[in-house]
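Undergrad:
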């Protein structure tokens, strides 16, 4: 994308929404959707703040796409209301909601040139010619596709088509931008670049609210201000990205957002002012971050693979021992898999003192207390 | 491929050539030849002449060309309109009714064309609507028979259209009418053109219903050809047949050109 | 699912979009179903305008009707069988042993679909008629007094013409099905030692089955309804149901008989149409 003008100036030219300056918040108020008698989205109550990116993630069938389509107006909720800004849009058809949408397969109109694709929404809403021309060139500039204006979609690569699709959605100054797995159809290489571009877009257009649906948690972790994790049609957890990652509230979240090691532990006692709690795994005593547990409760200790290291010689606390089962060297990192009392623990090490250790050897691992948290053990609850 | 050795391939190709030649090429060639023949008593015609063409293109038979072309264009145009309308409207129905309703539109093509003609004759030879002996009834007969094909073609085209296009257009603020005009119809244009071509060809060759309802002043090409051959005038019949074939093929080719140009044209 | 509107318990949204189907439906109802209803009513017309099956039963038992029905059935079945054989053979060659120009040939055969059916009959008159080319050649070369080849003005002529005209309807779906067969399946079979006839039997034929069923039932429907070819052949004793309808209505102005025959013909056609839709849905799957 062009870096000619400073960020805020660019934001001025393309950031103002038609509906009163800023992007709008989106509220789901007890929204449920049924299809052919089966409930595909259980009653959902969720707030998306104005100007933030909320990622809706989850496995297929989790209801995330249904929730997005409900906001778009493509499916009608069986219960509940949907609000965009101050407007209750539940009964409004899609073309009256002031949205923009980008889909997985770009859906660029093949019979129109790029510039006409981008102009489509404005023409459909009856905007004057000068405004259309202005907005089209702005939108194309933001996504860096100005020199492709008179090409046809079939002449463009996947990544280029997706950028045009984004420009087309931005040109109508939507209150909310809906992205439905926009990068799934792209090659891994292109996808990485596009994630950065979307992040940059969010910085350049701070007023634009973005609802981003994806099954790829790394996209969500990179882009989202807040994440909502869906599972089996219901909301499993939601919160600020970093919070959700570092202190996952439940097992599903821990395992879906990054990989997690889960060790069954029992709470021993609350420890001092640091907010740490002492837990016992078998004979071993460990310290980790606390969230108000009481002694005697069973929990799962969650620690990410990259937060485990081979225990340094002098370190006495937070050691956990296991038998090395696999060591996979992958250039930048080494993956280790250990058997700790019949639980498989994964470690991602970037620096190993003397090459990969031998399998079947006993190793001690260490983690910092602040890097580990406790999760309710649903099985034993 | 199946035939590996050169010998096997030769055998297979000879068989294919024989079949294709006997069934498809010979008949076409023979009609062309006979339309140009002076006299044909032996194995080959005695001479070539354009007299038969001159004869058929003037007078009554010339009228037949006009009648067929007009009926073809009008009936095909109306059938395209009706079939497209029905195909688009069907998408707005609930899932349960879509298939049964769609089936209803195909039924006119499943019954013998003669019965369609008979029905029109029986229905519109009496009050309240009197149509027998008019040109309209011929056009109507063709229309009824062809609409099933246009409906089928357009439905197939619509089902191949990704729903994303119309959904995104809607999200960008396009009302249903605007969407139809600028997204849906342009994207199915190739199917519309193919449907029109097929309709026209079917109309040009339609005999069963026409022969039941046509008025003396509106003789179509197939009916005229039958009259000629029935009374023994086979060379003129052949010439008129070639005219029919030429007109049909010319239109089909022309439409293909139009379709090719539309697919790549700017908006 | 674009614009799927699900029932919202508290409000009812008027589904005006559903009404768009009314105009074209009304037109088809008026121009096709209403005449159809009148045909049925005419067929069942008894004394003094009451409905009665008497005439209906009488016609159905009459010899001319039964022979026409038999003709229709045998001609349709034979023609369909011929179409299947010819179509399968040609499709095999075109798909698996293509020769230069095979694309052109496939298109040529495709164009035949757009041409009127009686065209072939006319050509056959010139080729196989009593004064046709074949007979002339045979008579000249074998010094025969009478034309030896005389099948044209009989059911065989009709069958031959129908096979020519309707094979493309089998060829098209077959070629589509064959293009789906993975080339590597055939190569694998060959490497394992299978010779072409076995490959055809065990690999290609099963894959072609749905297309054959769909195309075959379509052919059956089309040949039962065929009119132009039978009219042009005009042979005595080769009368099919559609031709009988025409004769009764136009030549003899016996509309009631025509309607009765039409009802039977339509019922038969609709049954075959149902069969075709069933077979076609299996083919698409």
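Protein chains in written order, with the numbering used here: chain D, 1 to 381; chain S, 1 to 267; chain X, 1 to 285.
Glycine included, every Cβ here is placed at the ideal spot set by N, Cα and C.
1) Going by beta carbon distance, what residues of the same chain come within less than 7 Å of residue 140/D, once the five residues before and after it are set aside?
2) Closest Cβ-Cβ distance between residue 20/X and chain S: below 8 Å?
3) Can you tell me the Cα-Cα spacing of residue 205/D and residue 332/D, whole angstroms?
4) Within a Cβ cutoff of 7 Å, which residues of the same chain sit near residue 212/S, ignoring the five residues on either side of it in sequence?
5) Under 8 Å, Cβ to Cβ, is there at least one residue of chain X near residue 266/S?
6) Taking only runs of the alpha helix (DSSP H) that begin and end inside the segment 57–99 of chain S, which ones reach a length of at least 4 residues, in chain order?
7) Please report the straight-line C-alpha distance between residue 188/S and residue 222/X, rounded to a whole angstrom.
8) To the nearest angstrom, how far is it from the Cα of residue 234/D to the Cα of residue 277/D?
9) Note down, in chain order, every chain S residue with its Cβ under 8 Å from the Cβ of residue 252/D.
10) For residue 150/D, which of helix, strand or coil comes out of DSSP?
11) Take residue 362/D and list the residues in its own chain whose beta-carbon comes closer than 7 Å to its own, dropping the five residues that flank it on each side.
12) What's the C-alpha gap between residue 279/D and residue 348/D?
13) Excluding sequence positions up to five away, which residues of its chain have a Cβ less than 6 Å from the Cβ of residue 229/S?
14) Measuring alpha carbon to alpha carbon, tell me which of 213/X, 118/X, 242/X ends up nearest residue 274/X.
15) As an exercise, report each continuous alpha helix (DSSP H) stretch of at least 4 residues that is fully enclosed by the segment 143–208 of chain S, in chain order.
16) Using 10 angstroms around the beta-carbon of residue 75/X, count the other beta-carbons present and answer buried if the total reaches 16, otherwise exposed.
17) Would DSSP call residue 308/D helix, strand or coil?
18) Whose C-beta lies closer than 7 Å to the C-beta of residue 100/S among residues of the same chain, with five residues either side of it excluded?
19) Would you report the Cα separation of residue 117/X and residue 186/S, rounded to the nearest angstrom?
20) Does residue 129/S pass the burial test, meaning 16 or more other C-beta atoms within 10 Å, or should it be called exposed?
21) Is residue 304/S close to chain D, meaning its C-beta is less than 8 Å from at least one C-beta of that chain?
22) If you count every other CB in all the chains shown that lies within 10 Å of the CB of residue 378/D, and 16 or more means buried, which is it?
23) Give the straight-line distance between the Cα atoms of residue 184/X and residue 190/X, rounded to the nearest whole angstrom.
24) With a threshold of 7 Å on Cβ separation, who are the neighbours of residue 152/S within its own chain once the five nearest residues in sequence on each side are excluded?
25) So residue 311/D packs on residue 285/D, CB below 8 Å; how close in whole Å?
26) Leaving out five residues before and five after residue 85/D in sequence, what residues of the same chain have Cβ atoms less than 7 Å from its Cβ?
27) Tell me which residues of the segment 155–170 of chain S have at least one Cβ-Cβ distance to chain D shorter than 8 Å, keeping chain order.
28) Along chain S, which residues have their Cβ under 7 Å away from the Cβ of residue 101/D?
29) Helix, strand or coil for residue 89/D, going by three-state DSSP, please let me know.
30) Given this structure, state the Cα-to-Cα distance separating residue 152/D from residue 13/S, to the nearest angstrom.
31) Quick one: Cα of residue 82/D to Cα of residue 164/S, how far?
32) Exposed or buried, residue 34/S, counting other C-beta atoms within 10 Å across all chains shown (16 or more means buried)?
33) Which class does residue 351/D belong to by DSSP, given the choice of helix, strand or coil?
34) Does the distance from the CB of residue 41/D to the CB of residue 211/D come in under 8 Å?
35) Quick check on DSSP: helix, strand or coil for residue 27/X?
36) With a threshold of 8 Å on Cβ separation, who are the neighbours of residue 163/X within its own chain once the five nearest residues in sequence on each side are excluded?
TA: So, to answer that:
1) 118, 146, 149, 167
2) yes
3) 35 Å
4) 114, 117, 118, 121
5) Its pLDDT being 44, under 50, residue 266/S is placed unreliably by the model, and the measurement read from it follows with that caveat. It does not; no Cβ of chain X falls within 8 Å.
6) 59–90
7) 28 Å
8) 31 Å
9) Correct list: empty, because the minimum Cβ distance to chain S is about 30 Å.
10) coil
11) 321, 323
12) 24 Å
13) 237
14) 213/X
15) 163–171, 176–179, 185–205
16) buried
17) coil
18) none
19) 34 Å
20) exposed
21) Here chain S comprises residues numbered 1 to 267, so residue 304/S is not present and cannot be evaluated.
22) exposed
23) 10 Å
24) 106
25) Rounded, the Cβ-Cβ distance is 14 Å, inconsistent with contact.
26) 19, 24, 25, 175
27) 162, 164, 165, 167, 168, 169, 170
28) 168, 171
29) coil
30) 44 Å
31) 22 Å
32) buried
33) coil
34) no
35) helix
36) 79, 82, 83, 86
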